[in-house]
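Peer 1: Encoded as structure tokens, here's the structure I'll be asking about.
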Amino acid sequence: MTTVVELARPGRKHCQSTPIPPARDLTWEQYAGRTCVVCGRRLTSDAVSRGWARGRQGVHVLDVEVWACP
Ligand SMILES: [Zn+2]
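Using our numbering, the first residue of the sequence shown is number 36, and each one after it goes up by one.
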């Protein structure tokens, strides 16, 4: 099962090619930019911006810039 292997061992390509999840599906650490938006690994100063996760909760806009492994 290729999918299982990729999830268990996230690589750079995986983290930078996986679509960004909706903002409401992020953990608070991902939302804060502390961990990779794809694999959840803690990021350091060489994190790469993946763009913006979009979301809305009632009148509140949840849009946030998200980061991934380098
Ligand atoms: Zn990652």
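Backbone N, C-alpha and C define an ideal beta-carbon position, used for all residues, glycine too.
With hydrogens ignored, establish whether the beta-carbon of arginine 76 is closer than 7 angstroms to any heavy atom of ligand 1.
Peer 2: Mapped onto the sequence shown, residue 76 falls at position 41. Yes, Cβ of arginine 76 sits closer than 7 angstroms to a heavy atom of ligand 1.
Peer 1: Could you tell me whether any non-hydrogen atom of ligand 1 is closer than 7 angstroms to the CB of alanine 88?
Peer 2: Here residue 88 corresponds to residue number 53 of the sequence shown, with the count starting at 1. For ligand 1, not one heavy atom lies less than 7 angstroms from the Cβ of alanine 88.
Peer 1: Going by the CB atoms, is the gap between proline 54 and alanine 88 shorter than 8 angstroms?
Peer 2: Position 53 of the sequence shown, counted from the first residue, corresponds to residue 88. Position 19 of the sequence shown, counted from the first residue, corresponds to residue 54. Cβ atoms of alanine 88 and proline 54: not closer than 8 angstroms.
Peer 1: If we ignore side chains and look at the alpha-carbon of each, how far apart do tryptophan 102 and serine 84 end up?
Peer 2: As a first step, residue 102 is located in the sequence shown; it is residue number 67 there, counting from the start. As a first step, residue 84 is located in the sequence shown; it is residue number 49 there, counting from the start. The straight-line gap from Cα to Cα measures roughly 4 angstroms.
Peer 1: Identify every run of the alpha helix (DSSP H) within the stretch 52-90, keeping only runs that are complete inside it and at least 4 residues long; order them along the chain.
Peer 2: With a minimum length of 4 residues, the continuous alpha helix (DSSP H) runs that stay inside the stretch 52-90 are 63-66.
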